[in-house]
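Here's the structure, in structure tokens; my notes come after.
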Amino acid sequence: MSGTELEHVDIVDAEIVVEGGGELDRYDPAAVAVLAAMERAAEDHLKDIRPKKTKQGYARDWALWTEFHAWLGQNTGTPLPATAVTKGTMVGFVVWLDDVQEAALSTIDRRITGVTVEARGRGVQVPKEATEAARKVLKALGTDREKQARGRGQAAPATPGHLQQIVAADRLVPRPAGSRRRRAVYELPELAVLRDRAMSLMEFGIAGRAAEVAALDVADIKLAEGGLEVHVPGVKGRPDRDVEVDYAENPDLCAVRAWQAWKEAAGIEQGPAFRSVDQWGHLGTARLSANAVRLAVTRSAARAGVEVKLTGHSMRSGFITASTKAGKRADLTRKQSGHAEGSPVFEKYIRKIQRWEETAGKGIL
189 MSGTELEHVD
199 IVDAEIVVEG
209 GGELDRYDPA
219 AVAVLAAMER
229 AAEDHLKDIR
239 PKKTKQGYAR
249 DWALWTEFHA
259 WLGQNTGTPL
269 PATAVTKGTM
279 VGFVVWLDDV
289 QEAALSTIDR
299 RITGVTVEAR
309 GRGVQVPKEA
319 TEAARKVLKA
329 LGTDREKQAR
339 GRGQAAPATP
349 GHLQQIVAAD
359 RLVPRPAGSR
369 RRRAVYELPE
379 LAVLRDRAMS
389 LMEFGIAGRA
399 AEVAALDVAD
409 IKLAEGGLEV
419 HVPGVKGRPD
429 RDVEVDYAEN
439 PDLCAVRAWQ
449 AWKEAAGIEQ
459 GPAFRSVDQW
469 GHLGTARLSA
479 NAVRLAVTRS
489 AARAGVEVKL
499 TGHSMRSGFI
509 TASTKAGKRA
519 DLTRKQSGHA
529 EGSPVFEKYI
539 RKIQRWEETA
549 GKGIL
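Mapping of the sequence shown onto the working numbering: position 311 corresponds to residue 499, and the numbering continues sequentially without gaps.
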């Protein structure tokens, strides 16, 4: 903290009163002004030295907090500002992360911290009892062994069979617990169904990450003779890439046809490729977040009755798995997924896929 950070403090004509041992016994206006300035400077300094990844993580936590508030407003009929950080909303946030997002417990713990820090940075007073209550609920969740296992291990790869289940799934969706709506289920709008289908098949087709799909613009996806030419934007410091997505032999699983159907139904010619659709089927203008893309995959799979939990990474690992099993050259698969030659992550995928091709005990009995 430099001295220049205190130069603009308004000091009134007053004398700082110090009694016994040099301790500040009473504060006059000048002392109050100096202390307030130092508090602000300390906050700014702490923000400056905070690691970039931590700042980005806190920003994602806050984005998810605002998403929770939107969900809360939709289900209660009364929208609250994101600055409403109270014991009730913090506990509700934890329950929402657990029930709706099915987040790992460690992730929930980190998000409590992120929201608290971001809220205070916005001048919001976060009551101590709010964070204490949130962590008390989290501690109770930790006694559930199934919840303890969340977030461990690699994502289950999506198979062509899983994709077939997803595109054929019923459009009826149960409402969240605690919803004030009279009907226990509602029907997904056709536009939302078309979007989710195109989004899932696109993520599989480009062997992409949820963040890459979320970053796609309409201009990045061009129809060509053999299918789609897709420019995959670089995210999180990774390089961009250009890939081809072929017409599928199975029309139901064809990312090319699914994209065209969604684009035509939505009437979009520019801007974000995948956007919000509300429960009444109204198209929004906002780009879907990476988290929204991940949730769409998970919810679509759950609604379809897929026996394993698919996550945002399942489409990417599923493409690599299917491509390798089909005997495609590794360099072609790497080009699609964006893995560098010699990538240990890619090699780990391959070893896992091929581990049953030749084993020590094969054929000896």
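Note that CB positions come from ideal geometry on N, CA and C, so glycine has one too. Just so you know, these numbers come straight off a predicted model, no measurement behind them.
Would you list the one or two residues that DSSP bridges to residue i?
i           : result
residue 470 : Per DSSP, none; premise fails for residue 470.
residue 350 : Bridge partners of residue 350: none, in fact.
residue 419 : 430
residue 475 : 463
Please identify the residue among the options whose C-alpha is closest to the C-alpha of residue i.
i           : options            : result
residue 575 : 429, 378, 532, 381 : A question about residue 575 goes unanswered here, because the residues of the chain that appear run from 189 up to 553.
residue 294 : 277, 447, 329, 275 : 329
residue 335 : 493, 253, 498, 296 : 296
residue 426 : 322, 451, 399, 444 : 399
residue 395 : 224, 227, 507      : 507
residue 490 : 547, 509, 223, 362 : 362
residue 262 : 250, 467, 420      : 467
residue 524 : 218, 360, 377, 416 : 416
residue 410 : 461, 226, 268      : 461
Looking at the unbroken beta strand (DSSP E) that takes in residue i, where does it start and where does it end?
i           : result
residue 409 : 409 to 411
residue 374 : 373 to 375
residue 360 : 360 to 362
Looking only at its own chain, which residues have a Cβ that is under 7 Å from the Cβ of residue i, when we skip the five neighbours before and after it?
i           : result
residue 314 : 273, 304, 307, 308
residue 253 : 270, 281, 303
residue 256 : 281, 284
residue 488 : 354, 357, 384, 388
residue 344 : 496, 497, 498, 502
residue 445 : 439
I want to see whether chain B comes within less than 7 Å of residue i, judged by CB atoms only; does it?
i           : result
residue 483 : Going by chain labels, chain B is absent from the structure shown, which holds only one protein chain.
Apart from the five residues just before and just after residue i, which ones in its own chain have a Cβ nearer than 6 Å to its Cβ?
i           : result
residue 526 : 429
residue 351 : 441
residue 391 : 401, 503
residue 278 : 318, 322
What residue range is occupied by the uninterrupted alpha helix (DSSP H) comprising residue i?
i           : result
residue 279 : 275 to 287
residue 298 : 293 to 309
residue 465 : First-last for residue 465: 463 to 465, but that is the beta strand (DSSP E), not the alpha helix (DSSP H).
residue 447 : 443 to 454
residue 384 : 378 to 393
residue 313 : Where residue 313 is concerned, there is no enclosing alpha helix (DSSP H), given that its DSSP letter is neither H nor E.
residue 248 : 240 to 264
Take residue i and list the residues in its own chain whose beta-carbon comes closer than 8 Å to its own, dropping the five residues that flank it on each side.
i           : result
residue 298 : 245, 249
| Where in the stretch 485 to 532 do unbroken runs of the alpha helix (DSSP H), each at least 4 residues long, occur, reported from the N-terminal end onward? | Inside the stretch 485 to 532, DSSP marks whole alpha helix (DSSP H) runs of 4 or more residues at positions 502 to 513, 518 to 525, from first to last along the chain.
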